[in-house]
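The block underneath contains the structure these notes are about, expressed in structure tokens.
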Amino acid sequence: MEATTSSKAESTLQNSSIDVHAENYQRHHKSTSDTVIPHVDMESSEERESDEDTTSGPDDFSGLSPYERKRLKNISENANFFASLQLSESAARLRKMIKKRQPPESKRKKPKKRENGIGCRRSMRLLNVDPSGISLPATPTQPALVADENPLLPPGPLEMTPENRDDNSELFKGFLHTWAEVSKTTSKNTKKELPSIKSYKANLSGMVISEDTVYKVTKGPILSMALHPSEIKTLVAAGAKSGQVGLWDLTHQPKEDGTYVFQPHSQPVSCLYFSPTNPAHILSLSYDSTLRCGDFSTAVFDEVYRNERSSFSSFDFLTEDASTLIVGHWDGSMSLVDRRTPGTSYEKFINSSLRKIRTVHVHPVHRQYFITAGLRIFDSSCLSSQIPLLTTIRHNTITGRWLTRFQAVWDPKQEDCLIVGSMAHPRQVEIFHETGERVHSFLDGECLVSVCSINAMHPTRYILAGGNSSGKIHVFMN
Numbered sequence: 016m017e018a019t020t021s022s023k024a025e026s027t028l029q030n031s032s033i034d035v036h037a038e039n040y041q042r043h044h045k046s047t048s049d050t051v052i053p054h055v056d057m058e059s060s061e062e063r064e065s066d067e068d069t070t071s072g073p074d075d076f077s078g079l080s081p082y083e084r085k086r087l088k089n090i091s092e093n094a095n096f097f098a099s100l101q102l103s104e105s106a107a108r109l110r111k112m113i114k115k116r117q118p119p120e121s122k123r124k125k126p127k128k129r130e131n132g133i134g135c136r137r138s139m140r141l142l143n144v145d146p147s148g149i150s151l152p153a154t155p156t157q158p159a160l161v162a163d164e165n166p167l168l169p170p171g172p173l174e175m176t177p178e179n180r181d182d183n184s185e186l187f188k189g190f191l192h193t194w195a196e197v198s199k200t201t202s203k204n205t206k207k208e209l210p211s212i213k214s215y216k217a218n219l220s221g222m223v224i225s226e227d228t229v230y231k232v233t234k235g236p237i238l239s240m241a242l243h244p245s246e247i248k249t250l251v252a253a254g255a256k257s258g259q260v261g262l263w264d265l266t267h268q269p270k271e272d273g274t275y276v277f278q279p280h281s282q283p284v285s286c287l288y289f290s291p292t293n294p295a296h297i298l299s300l301s302y303d304s305t306l307r308c309g310d311f312s313t314a315v316f317d318e319v320y321r322n323e324r325s326s327f328s329s330f331d332f333l334t335e336d337a338s339t340l341i342v343g344h345w346d347g348s349m350s351l352v353d354r355r356t357p358g359t360s361y362e363k364f365i366n367s368s369l370r371k372i373r374t375v376h377v378h379p380v381h382r383q384y385f386i387t388a389g390l391r392i393f394d395s396s397c398l399s400s401q402i403p404l405l406t407t408i409r410h411n412t413i414t415g416r417w418l419t420r421f422q423a424v425w426d427p428k429q430e431d432c433l434i435v436g437s438m439a440h441p442r443q444v445e446i447f448h449e450t451g452e453r454v455h456s457f458l459d460g461e462c463l464v465s466v467c468s469i470n471a472m473h474p475t476r477y478i479l480a481g482g483n484s485s486g487k488i489h490v491f492m493n
């Protein structure tokens, strides 16, 4: 009885297991293929399986439970079923039928070939043809020399012709006559007692500037200035970077009619002086290696000194009668020139130990002293490399690229004071004592708004003229 009960329970377990596997089998085939759905007779299958299980020998699945033996058999049948479908052969045939995917075409458009065969455009200059298509002559193997922008003026005297006056020659003749007459009536300089610093400062404080004493005279930067020693009229001369020499009579109104500009040089005029013995003569030195003397009585610029092998930088009168000049060269050398000697050469050539000489200024009273570059003071009676330094003044001389470099000059009325421009704000012109003490500063917020790099003081009157880098002259006077 117990054996019969256990046999029925085992048979019931096997049937339920077979039902579960049959369900899973049908689900699997439904999801695997929609086109092929096999029909299985579950009842007959179960009967066969139960018969096979009962008829199987003890060696087929020895050691396995009936459930495991059934599972392995289902796996084997499934594999045989899928093999009968020949899915791998069908997939291989489909692969052969599908064409290989072509690579995508480039979006860049290929240039179309021109049917006429004309290539890309070429430069007509490189083809050596003009705009009309006519061939140009062949370029010479040796290029022609380019003309100098500032050619040297011919040697010898030059006529004094104003560049800013195209007509009205009678007005210019009257201008020359005025300058010549003023020069004749100019009183000779006599030695005066040196005023005290206190009275000197008081006179400087009374000097003012106005719109009437400011005017643009030259078309380029001013590199040199000079004041005529007249006691009656105020006459100012300015040398420009363009080689011009401008003259301005401040007593003539309107200001345009009192201004005349000449071209005695082809390069910058770095130094300009009126002759102390004959104020009708104005001497100008230029980078073009020439030194000329303009004579208002004859309206001619005579040539005093020429040396094309060495460029000039500055000059000054070594004697009171203005017959002997000392000329500084950019290479550090100096020349002694005697105006009384015929010709345009030097009397003596001096090689100094300096690499460069930018400015030369002779002391107005003790003419054996001269100052170079505004840094060192020398005694010309004993030139040597062991000359002691007398004094040094700290001063901002960094003018930059666009401003004219400063030049320190003596005040002819006060032998122990010198004048120099300034980079300070507000814009000003400064006067220093030989000890380094600042004596006075000329400034005006409305009329003086630029740096006056070049300055000159009247020899007897309290008049100061300053020139800037745009060709404008500023005059302080009492």
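Just so we're aligned, residue 16 is where the sequence shown starts under the numbering used here, counting upward by one. Note that beta-carbon positions come from the ideal geometry of N, C-alpha and C, so glycine has one too.
Exercise. Kindly give me the distance between the Cβ atoms of M240 and N470, rounded to whole angstroms, as I take these residues to be in contact under 8 Å.
Key: 7 Å
Quiz prompt | Which residues DSSP lists as bridging C286, in chain order | solution = L300
Quiz item: Going by the beta-carbon positions, is the gap between S326 and S304 smaller than 7 Å?
Solution: yes
Quiz item: Straight-line CA distance for A106 to M112?
Solution: 10 Å
Quiz prompt | Residue interval of the alpha helix (DSSP H) (run including N95) | solution = 81 to 100
Quiz item: What is the C-beta distance between Q429 and T374, in whole angstroms, given that I count them as a contact (C-beta under 8 Å)?
Solution: No, Q429 and T374 are not in contact; Cβ-Cβ is about 19 Å, not under 8 Å.
Quiz item: So what's M175 in DSSP terms, helix, strand or just coil?
Solution: coil
Quiz item: Over what stretch of residues does the alpha helix (DSSP H) that includes I237 continue unbroken?
Solution: Unbroken run through I237 is the beta strand (DSSP E), 237 to 242; no alpha helix (DSSP H).
Quiz item: Of the residues G358, S257, P172, T334, which one's Cα is nearest the Cα of Y384?
Solution: T334
Quiz prompt | Stretch-stretch touch, CB-based, cutoff 8 Å, three pairs: the region 278 to 294 with the region 189 to 201 | solution = yes
Exercise. Could you give the DSSP three-state label for F327: helix, strand or coil?
Key: strand
Exercise. For the alpha helix (DSSP H) holding I488, just list the boundary residues, first then last.
Key: That residue, I488, is in no alpha helix (DSSP H); its beta strand (DSSP E) goes 487 to 492.
Self-check item: Three-pair Cβ contact test at 8 Å for the region 247 to 264 versus the region 429 to 439
Solution: no
Self-check item: Whole-angstrom C-beta distance between P210 and F277, which should lie under 8 Å
Solution: About 36 Å separates the two Cβ atoms, so there is no contact after all.
Quiz prompt | Those residues which DSSP pairs with M472 across a bridge | solution = L479
Quiz item: Cβ atoms of R370 and G347: under 7 Å apart, would you say?
Solution: yes
Quiz item: Going by C-alpha distance, which of T228, R84, R86, S257 is nearest A264?
Solution: It is worth fixing the name first, because residue 264 is Asp in this sequence and not Ala. Ranking T228, R84, R86, S257 by Cα distance to D264 puts T228 first.
Quiz item: For V11 versus L306, is the C-beta spacing smaller than 7 Å?
Solution: Past the boundaries of the shown model lies residue 11; the chain is included only from 16 to 493, so the question cannot be answered.
Quiz prompt | Whole-angstrom C-beta distance between P283 and K256, which should lie under 8 Å | solution = 4 Å
Quiz item: Could you give the distance in angstroms between the alpha-carbon of I212 and the alpha-carbon of T193?
Solution: 36 Å
Self-check item: K127 versus P152: straight-line alpha-carbon distance, rounded
Solution: 36 Å
Practice problem: For N493, I'd like the list of residues in its chain whose CB is within less than 6 Å of its CB, leaving aside the five on either flank, ordered along the chain. | Solution: G221, M222, Y477
Practice problem: Could you tell me which of G235, R86, T419 sits nearest to S468, measuring between CA atoms? | Solution: T419
Quiz item: K216 lies in the beta strand (DSSP E); which residues open and close that run?
Solution: From DSSP, K216 is part of no beta strand (DSSP E) but of the alpha helix (DSSP H) over 212 to 220.
Quiz item: Taking the DSSP output, what are the residues bridged to W263?
Solution: V251, T274
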